[in-house]
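Residue numbers (the numbering used here): 6 to 243.
Quick reminder that beta carbons are idealized off the backbone N, C-alpha and C, glycines included.
As the structure is a computational prediction, the values presented were derived from the model and not from experiment.
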Ligand code: C5P
């Protein structure tokens with residue numbers, strides 16, 4: 006039996022990976038399947054939460070009881086998240102892999118090969134960092150009204166590490182700079198995309214590891230939610 010410790014809580018989860026259109030037939034995408042985000046939405050609903058799943062190109066079933074909003078691009082995801090955030094949910098989990106760059110313009114017609122062997126240059130521009138924007142919006146709310154902006158924000162960090170810096174070091178820096186309450190580090194050097202299993206370390210805003218989980222994405226989801234529950238403000242009495 007699952008503990009019903011999220012009854013009365015409104016939870017928003019993003020899942021999947023965004024697609025940025027180049028022309029009517031092509032897009033830039035990433036390898037996120039949405040499985041971890043959908044597992045989180047499923048686990049939160051099982052624990053009694055009122056769940057909204059914002060799904061970017063997710064080819065998976067909607068968890069029972071969850072409301073689903075489908076989006077494609079980073080801009081659409083941003084719009085859906087900000088609309089959901091305006092209703093002041095208790096928890097927002099950004100599990101989606103959001104494009105950091107999008108084509109500066111979208112060609113109206115399919116880009117054609119010309120006679121020679123030349124190729125077009127693709128100009129990219131930055132997208133909004135939704136997580137960072139959510140955190141700074143929340144800070145502004147708290148500054149205006151100390152009783153406001155009590156919802157928790159959880160981010161994900163898919164890291165591979167490189168020659169000089171480990172995935173954990175990258176994640177620690179990200180935890181401190183993004184300002185989310187929790188950052189779930191996913192070491193993606195081991196091929197977790199689309200897999201049933203995952204291994205994560207959960208960092209707090211100071212970059213300290215507060216929990217670790219490995220196994221089924223459902224098990225990982227419950228560990229993340231356990232850390233969330235510890236940090237949620239108490240449900241006010243009527
Ligand atoms: O900086 P990085 O993309 O690694 O951060 C990952 C976290 O930030 C994830 O929670 C992801 O959903 C979020 N993100 C975002 N907007 C972006 C890029 C990432 O909200 N444009």
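Burial state of residue i (16 or more Cβ within 10 Å)
{"i": "residue 115", "result": "exposed"}
{"i": "residue 170", "result": "exposed"}
{"i": "residue 8", "result": "exposed"}
{"i": "residue 240", "result": "exposed"}
{"i": "residue 130", "result": "exposed"}
{"i": "residue 156", "result": "buried"}
{"i": "residue 88", "result": "exposed"}
{"i": "residue 144", "result": "exposed"}
{"i": "residue 25", "result": "buried"}
{"i": "residue 179", "result": "buried"}
{"i": "residue 6", "result": "exposed"}
{"i": "residue 124", "result": "exposed"}
{"i": "residue 229", "result": "buried"}
{"i": "residue 120", "result": "exposed"}
Unbroken beta strand (DSSP E) run spanning residue i, endpoints
{"i": "residue 232", "result": "Careful: residue 232 lies outside any beta strand (DSSP E), inside the alpha helix (DSSP H) at 222 to 236."}
{"i": "residue 98", "result": "96 to 99"}
{"i": "residue 140", "result": "That residue, residue 140, is in no beta strand (DSSP E); its alpha helix (DSSP H) goes 135 to 149."}
{"i": "residue 207", "result": "202 to 209"}
{"i": "residue 107", "result": "106 to 108"}
Neighbourhood of residue i by C-beta, 7 Å cutoff - its chain only, sequence neighbours within 5 removed
{"i": "residue 165", "result": "172, 193 and 194"}
{"i": "residue 50", "result": "56, 68, 69, 70 and 71"}
{"i": "residue 30", "result": "115"}
Other residues of its chain near residue i: CB distance less than 8 Å, five sequence neighbours each side excluded
{"i": "residue 128", "result": "108, 109 and 110"}
{"i": "residue 177", "result": "208 and 212"}
{"i": "residue 199", "result": "36, 38 and 40"}
Cutoff 6 Å; reference residue i; Cβ partners in own chain excluding five residues on either side
{"i": "residue 204", "result": "219"}
{"i": "residue 67", "result": "73"}
{"i": "residue 23", "result": "61, 78, 79, 82, 103 and 104"}
{"i": "residue 146", "result": "153 and 154"}
{"i": "residue 53", "result": "9, 11 and 12"}
CB contact check: residue i to chain C, cutoff 8 Å
{"i": "residue 206", "result": "Judged by its chain identifiers, the structure shown contains no chain C, having just a single protein chain."}
Check whether residue i and residue j have beta carbons under 8 Å apart
{"i": "residue 18", "j": "residue 100", "result": "yes"}
{"i": "residue 94", "j": "residue 16", "result": "yes"}
{"i": "residue 201", "j": "residue 222", "result": "yes"}
{"i": "residue 20", "j": "residue 63", "result": "yes"}
{"i": "residue 183", "j": "residue 137", "result": "yes"}
{"i": "residue 232", "j": "residue 188", "result": "no"}
{"i": "residue 159", "j": "residue 98", "result": "yes"}
{"i": "residue 185", "j": "residue 210", "result": "yes"}
{"i": "residue 139", "j": "residue 14", "result": "no"}
DSSP bridge partner residues for residue i (one or two, in chain order)
{"i": "residue 75", "result": "60"}
{"i": "residue 5", "result": "Because residue 5 is not part of the residues shown, which for the chain are 6 to 243, the question remains open."}
{"i": "residue 15", "result": "55"}
{"i": "residue 159", "result": "98 and 187"}
{"i": "residue 192", "result": "164"}
{"i": "residue 131", "result": "106"}
{"i": "residue 216", "result": "207"}
{"i": "residue 82", "result": "Answer is none; residue 82 lacks a bridge partner."}
{"i": "residue 22", "result": "102"}
{"i": "residue 33", "result": "25"}
Check: residue i C-beta below 7 Å from any heavy atom of the ligand NAP
{"i": "residue 45", "result": "No copy of the ligand NAP appears in this structure; the ligands present are the ligand C5P."}
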